[in-house]
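Worksheet: the structure to be examined is printed underneath.
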Amino acid sequence: MTDKFISIEGIAKRYPGSGGATTTIFENLWLSMARGEFACVIGHSGCGKTTVLNILAGLDAPSEGAVIVDGQAISGTSLDRAVIFQSHALLPWRTVLGNVAYAVSSKWRSWDRAKVKTHTQTFIDLVGLTGSEHKRPSELSGGMKQRVGIARALSITPKMMLMDEPFSALDALTRGTLQDEVRRICLQTGQTAFMITHDVDEAIYLADKIFLMTNGPGAMLAEVVENPLPRDRARTDLHRHPLYYALRNHIIDFLVTRSKTFVAEQPDHDPRNVPTVHIGKPGLTIASGSEEQQRQIRTPGTNPGLSA
Amino acid sequence: MTSSLRLRAGLVSIALLAAFLGIWYLATRSTASVATMSPEYAKLMGLTATQGKSAMPGPLDVGAKLWEHLKRPFYDNGPNDKGLGIQLAYSIARVGTGYLMAVLVAIPLGFLIGMSPLLSRALDPFIQVLKPISPLAWMPLALYTIKDSSISAIFVIFICSIWPMLLNTVFGVASVRKEWINVARTLEVGTIRRAFTVILPAAAPTILTGMRISIGIAWLVIVAAEMLVGGTGIGYFVWNEWNNLSITNVIIAILLIGIVGMLLDQILARFTRMVTFPE
Ligand SMILES: Nc1ncnc2c1ncn2[C@@H]1O[C@H](COP(=O)(O)OP(=O)(O)OP(=O)(O)O)[C@@H](O)[C@H]1O
Ligand SMILES: [Mg+2]
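Sequence lines, in order, name chains A and B.
Following this note's numbering, the numbering of the first sequence begins with 1 at its first residue and continues without gaps.
Following this note's numbering, the numbering of the second sequence begins with 1001 at its first residue and continues without gaps.
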């Protein structure tokens, strides 16, 4: 936790609203991630998750604040930060092979066709699309399209993966396989991963830490939940871990009630020092904020949301 | 199911054509009454008066004449008597030249305008004013400045075919889906490569639609332009045959203009299909 590979420093996003007013999607948002860390963002639809991810990717500029990656403020997109888009964003006039090869040949401009093709094929095989190389996106199911997007992002071996609900359109089986695959690749290559998801179990399985965002407009990063599960967890016996349900309940409580009431209930919430929640270990909280904030840890069963 | 529909549609088309030709034949059939008049006067009046023949040629006359033309499409007996093939070739060459020049200007310019919001706004008033001008209104100006009538006709084709292509290119380029551009951006693809690998294929169907509209307009305009400038071309042929009072030739020319226009449209439609992608 010492080196901050990624640091989002006080960013805000505002859009001009109707009648000259501005709509603030979020403001003064601080967030950091260590190298090799896997973070998941959970929050209700429209709270600004995609916007944060786009800013991290360099596709969108924040209205205020800055994003520091590896000690440098970013000023645009980079091949080091691969994006898996919420809407697949496949080029419909290219085949599966063409879509992935486009990324590969963009990263390694000097490679010849054969080399690009072999490299591309490896990643198409990886996501289980062998045999569909020559299909066009219109001939693919939603899940297959998402897998092409995943293959495209992985194929350029980035330092960081930004994933916007990458598995949302998949059936449970494929989703499981791909979660395993993404997790394996991220661990193996030391990827730093930032993933948006609506699936609590997915977050528990994949994430080292989970960012909980309140509802928009004026969304806030409410807390950072440390995942208490061991790093070498297996998807099939997650639920056997003693802290699994506590963690799950905490997140669901947040989504069901506290995401709405958080702003009103925590008037002295300091966005710069977002409390870190350690499920099951209330005494050992290491929040970056003051002593005061460290007391704000909410353990399952003691927060107001749960009693509701 | 679809093939039987096609078959039925084909049969209906043939029936309609037969009905049309039949009515045409009946309407232009010789009427029996023949007026008695002095031979000199009859000579002046022509066959209409002497034999009760309709001034409008019937389908058989047109067919016979058409056959004559088709047998010798490329003869050249001086300025006022050239084969229909030659006249059509002149017109197609003019349309082709003016149209290609318009393509060369409209597509790169449309790309620039579409990619630059500044240029797009700056040039918009000019385009809005220039677009609705009838291409023939340029004719006197073209004749005065260029002095060559044939080049003036080409210029008129250029002017009339540039607008649909330009506007469609601008629209196609400006409305490329943002997510596709974002893909190129995250892959650090440079502007030029992005223009050719993302924007061009994404905008191609819209651009080709503009090109198809343009070729249609160009073919409409060439007939009128050639009537004005004279000399050669299918438009001039129509006007010349009207002056000769040869309605048969005028009808043949109308038929050929329609067929060539259809072929040009079909060619562009095929290109459009080639670049269209399903989403
Ligand atoms: N161009 C824009 N102009 C105005 N408002 C916008 C614009 N783009 C996004 N927004 C607003 O920003 C907010 C956040 O959008 P964002 O796409 O980041 O949500 P999200 O958290 O990713 O939601 P979801 O889970 O549904 O994907 C939304 O309320 C949306 O209405
Ligand atoms: Mg989103």
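Cβ coordinates follow ideal geometry from the N, Cα and C atoms, glycine included.
Everything numeric in this text was worked out from a predicted model, so none of it was measured.
Quiz item: What are the partner residues of Y15 (chain A), as DSSP defines its beta bridges?
Solution: As a first step, residue 15 (chain A) is located in the first sequence; it is residue number 15 there, counting from the start. Y15 (chain A) is bridged to A:T23.
Practice problem: Specify the secondary structure class of I1280 (chain B) as computed by DSSP and reduced to three states. | Solution: The shown model of chain B, from 1001 to 1279, leaves out residue 1280 (chain B), and the question about it has no answer.
Quiz item: Using a Cβ-Cβ cut-off of 8 Å (strictly less than) and excluding sequence neighbours within five positions of L1016 (chain B), which residues of its own chain qualify?
Solution: As a working mapping, residue 1016 (chain B) is identified with position 16 in the second sequence. Same-chain partners within the cutoff: there are none.
Practice problem: Compare the Cα-Cα distances from N1168 (chain B) to each of B:L1220, B:A1027 and B:T1206 and report the closest residue. | Solution: As a first step, residue 1168 (chain B) must be located in the second sequence, where it is residue number 168. Of the candidates B:L1220, B:A1027 and B:T1206, the residue whose Cα lies closest to the Cα of N1168 (chain B) is B:T1206.
Quiz item: Beta-carbon of G283 (chain A) versus every beta-carbon of chain B: anything under 7 Å?
Solution: By one-based count along the first sequence, residue 283 (chain A) stands at place 283. In this predicted model, G283 (chain A) has a pLDDT of only 46, less than 50, meaning its place in the structure is not dependable enough to derive any value.
Quiz item: Does any C-beta atom of chain B lie closer than 7 Å to the C-beta of A169 (chain A)?
Solution: For this step, residue 169 (chain A) is matched to residue 169 along the first sequence. No, A169 (chain A) does not count as interfacial toward chain B.
Self-check item: Closest residue to A89 (chain A) among A:A103, A:G76, A:D80 and A:R109 (Cα-Cα distance)
Solution: If you number the first sequence from 1, residue 89 (chain A) lands on position 89. Among A:A103, A:G76, A:D80 and A:R109, the Cα nearest to that of A89 (chain A) belongs to A:A103.
Quiz prompt | Proximity below 7 Å, CB of R81 (chain A) to CB of L31 (chain A) | solution = For this step, residue 81 (chain A) is matched to residue 81 along the first sequence. For this step, residue 31 (chain A) is matched to residue 31 along the first sequence. In this structure, L31 (chain A) does not lie closer than 7 Å to R81 (chain A) by Cβ.
Exercise. Would you mind working out which of A:G43, A:I124, A:W108 and A:T261 sits nearest R147 (chain A), comparing C-alpha positions?
Key: Position 147 of the first sequence holds residue 147 (chain A). Ranking the options by Cα distance to R147 (chain A), first place goes to A:I124.
Quiz item: Can a CB atom of chain A be found closer than 7 Å to the CB of T1186 (chain B)?
Solution: As a first step, residue 1186 (chain B) is located in the second sequence; it is residue number 186 there, counting from the start. Output row for T1186 (chain B): interface = yes.
Exercise. Measuring from each Cβ to the nearest heavy atom of ligand 2, keep the ones under 6 Å and list them in chain order.
Key: A:K49, A:T50, A:Q86 and A:D164
Quiz item: Distance, Cα to Cα, V1238 (chain B) vs L1011 (chain B)?
Solution: Here residue 1238 (chain B) refers to the residue found at position 238 of the second sequence. Here residue 1011 (chain B) refers to the residue found at position 11 of the second sequence. Those two C-alpha atoms are separated by around 32 Å.
Practice problem: Note down the Cα distance separating V1229 (chain B) from S1150 (chain B), rounded to an integer number of angstroms. | Solution: The residue given as residue 1229 (chain B) occupies position 229 in the second sequence. The residue given as residue 1150 (chain B) occupies position 150 in the second sequence. Between V1229 (chain B) and S1150 (chain B), the C-alpha separation is close to 7 Å.
Self-check item: With 16 other Cβ atoms within 10 Å as the buried cut-off, status of D3 (chain A)
Solution: On the first sequence, residue 3 (chain A) is found 3 positions in, with the first residue counted as 1. Here D3 (chain A) is exposed, its C-beta having fewer than 16 other C-beta atoms within 10 Å.
Practice problem: Please state whether DSSP places D237 (chain A) in a helix, a strand or coil. | Solution: On the first sequence, position 237 is the one that residue 237 (chain A) refers to. Here D237 (chain A) sits in helix by DSSP.
Exercise. Please confirm if the region 69-86 of chain A is in contact with the region 143-160 of chain A, defined as three or more CB-CB distances below 8 Å between the two stretches.
Key: yes
Exercise. Compare the C-beta of V1183 (chain B) against all C-beta atoms of chain A and say whether one is closer than 7 Å.
Key: Sequence index remark: in the second sequence, residue 1183 (chain B) carries index 183 (1-based). For V1183 (chain B), the answer is yes, since a Cβ of chain A falls inside 7 Å of its Cβ.
Quiz item: Along the chain, where does the alpha helix (DSSP H) that runs through V1129 (chain B) open and close?
Solution: The residue given as residue 1129 (chain B) occupies position 129 in the second sequence. P1117 to L1130 is the extent of the alpha helix (DSSP H) around V1129 (chain B).
Exercise. Indicate whether at least one CB of chain A lies closer than 7 Å to the CB of P1201 (chain B).
Key: For the purposes of this step, residue 1201 (chain B) is taken as residue 201 along the second sequence, with counting starting at 1. It does; some Cβ of chain A falls within 7 Å.
Quiz item: On the three-state DSSP scale, how would you describe G48 (chain A)?
Solution: In the first sequence, the residue the question calls residue 48 (chain A) occupies position 48. G48 (chain A) falls in the coil class under three-state DSSP.
Exercise. May I ask whether a heavy atom of ligand 1 can be found less than 6 Å away from the beta carbon of C186 (chain A)?
Key: Within the first sequence, numbered from 1, the residue matching residue 186 (chain A) stands at position 186. Checking every heavy atom of ligand 1 against the Cβ of C186 (chain A), none is found closer than 6 Å.
Practice problem: Within 10 angstroms of the Cβ of I1267 (chain B), are there 16 or more other Cβ atoms? Answer buried if so, exposed if not. | Solution: On the second sequence, position 267 is the one that residue 1267 (chain B) refers to. By the 10 Å Cβ count, I1267 (chain B) comes out exposed.
Self-check item: Rounded separation between V96 (chain A) and V1198 (chain B) - CA only
Solution: Taking the first residue of the first sequence as 1, we reach residue 96 (chain A) at position 96. Taking the first residue of the second sequence as 1, we reach residue 1198 (chain B) at position 198. Straight-line Cα distance between these residues: approximately 15 Å.
Self-check item: Status (buried if at least 16 other CB within 10 Å, exposed otherwise) for L202 (chain A)
Solution: Indexing the first sequence from 1 puts residue 202 (chain A) at position 202. Note that residue 202 (chain A) is Glu in the sequence shown, not Leu. Looking at its Cβ environment, which holds 16 or more other Cβ atoms inside 10 Å, E202 (chain A) is buried.
Quiz item: Is the Cβ-Cβ distance between A39 (chain A) and F194 (chain A) less than 7 Å?
Solution: Here residue 39 (chain A) refers to the residue found at position 39 when the first sequence is read from its first residue. Here residue 194 (chain A) refers to the residue found at position 194 when the first sequence is read from its first residue. Yes; because the gap between Cβ atoms is below 7 Å, this pair is in contact.
Quiz item: Is the CB of L1007 (chain B) under 7 Å away from at least one CB in chain A?
Solution: Against the second sequence, residue 1007 (chain B) aligns to sequence position 7. Taking 7 Å as the threshold, the shortest C-beta distance from L1007 (chain B) to chain A does not fall below it.
Self-check item: Per-residue contacts from F1271 (chain B) into chain A (C-beta, under 8 Å)
Solution: Your numbering for residue 1271 (chain B) matches position 271 in the second sequence. Those within 8 Å of F1271 (chain B) in chain A number zero; the least Cβ separation is about 15 Å.
Exercise. In angstroms with no decimal places, state the Cα-to-Cα distance between Q179 (chain A) and E226 (chain A).
Key: Residue numbering aside, residue 179 (chain A) sits at position 179 when the first sequence is read from its first letter. Residue numbering aside, residue 226 (chain A) sits at position 226 when the first sequence is read from its first letter. Put simply, the backbone Cα of Q179 (chain A) is about 19 Å away from that of E226 (chain A).
Quiz item: Under 7 Å Cβ-Cβ, which residues of chain B neighbour V83 (chain A)?
Solution: Within the first sequence, residue 83 (chain A) is the residue found at index 83, counting from 1. Going along chain B in sequence order, the residues near V83 (chain A) (Cβ under 7 Å) are T1186.
Self-check item: Cutoff 7 Å; reference A207 (chain A); Cβ partners in own chain excluding five residues on either side
Solution: Here residue 207 (chain A) refers to the residue found at position 207 of the first sequence. F38, A39, C40 and N227.
Practice problem: Just mark G76 (chain A) as buried or exposed, buried being the case when its beta carbon has 16 or more other beta carbons within 10 Å. | Solution: Mapped onto the first sequence, residue 76 (chain A) falls at position 76. With fewer than 16 other Cβ atoms within 10 Å, it is exposed.
Practice problem: Please go through the same chain and pick out, in chain order, the residues whose beta-carbon is closer than 6 Å to the beta-carbon of T189 (chain A), but skip the five residues on each side of it. | Solution: The residue given as residue 189 (chain A) occupies position 189 in the first sequence. Answer for T189 (chain A): no residue qualifies.
Exercise. Hey, could you find the ends of the alpha helix (DSSP H) D1265 (chain B) is sitting in?
Key: As a position in the second sequence, residue 1265 (chain B) is number 265, starting the count at 1. It spans I1247 to V1275 - the alpha helix (DSSP H) in which D1265 (chain B) sits, taken as one unbroken run.
Exercise. For K209 (chain A), collect the residues of the same chain with a Cβ closer than 6 Å to its Cβ; drop the 5 residues on either side in sequence, then sort them by chain order.
Key: One-based indexing of the first sequence puts residue 209 (chain A) at position 209. Only A39, V224 and E226 meet the Cβ criterion.
Quiz item: Taking only beta-carbon atoms, is E1226 (chain B) less than 7 Å away from chain D?
Solution: You won't find chain D in this structure, because its protein chains are A and B.
Practice problem: Kindly indicate which three-state DSSP category Q146 (chain A) falls into: helix, strand or coil? | Solution: The residue labelled residue 146 (chain A) in the question sits at position 146 within the first sequence. Helix at Q146 (chain A).
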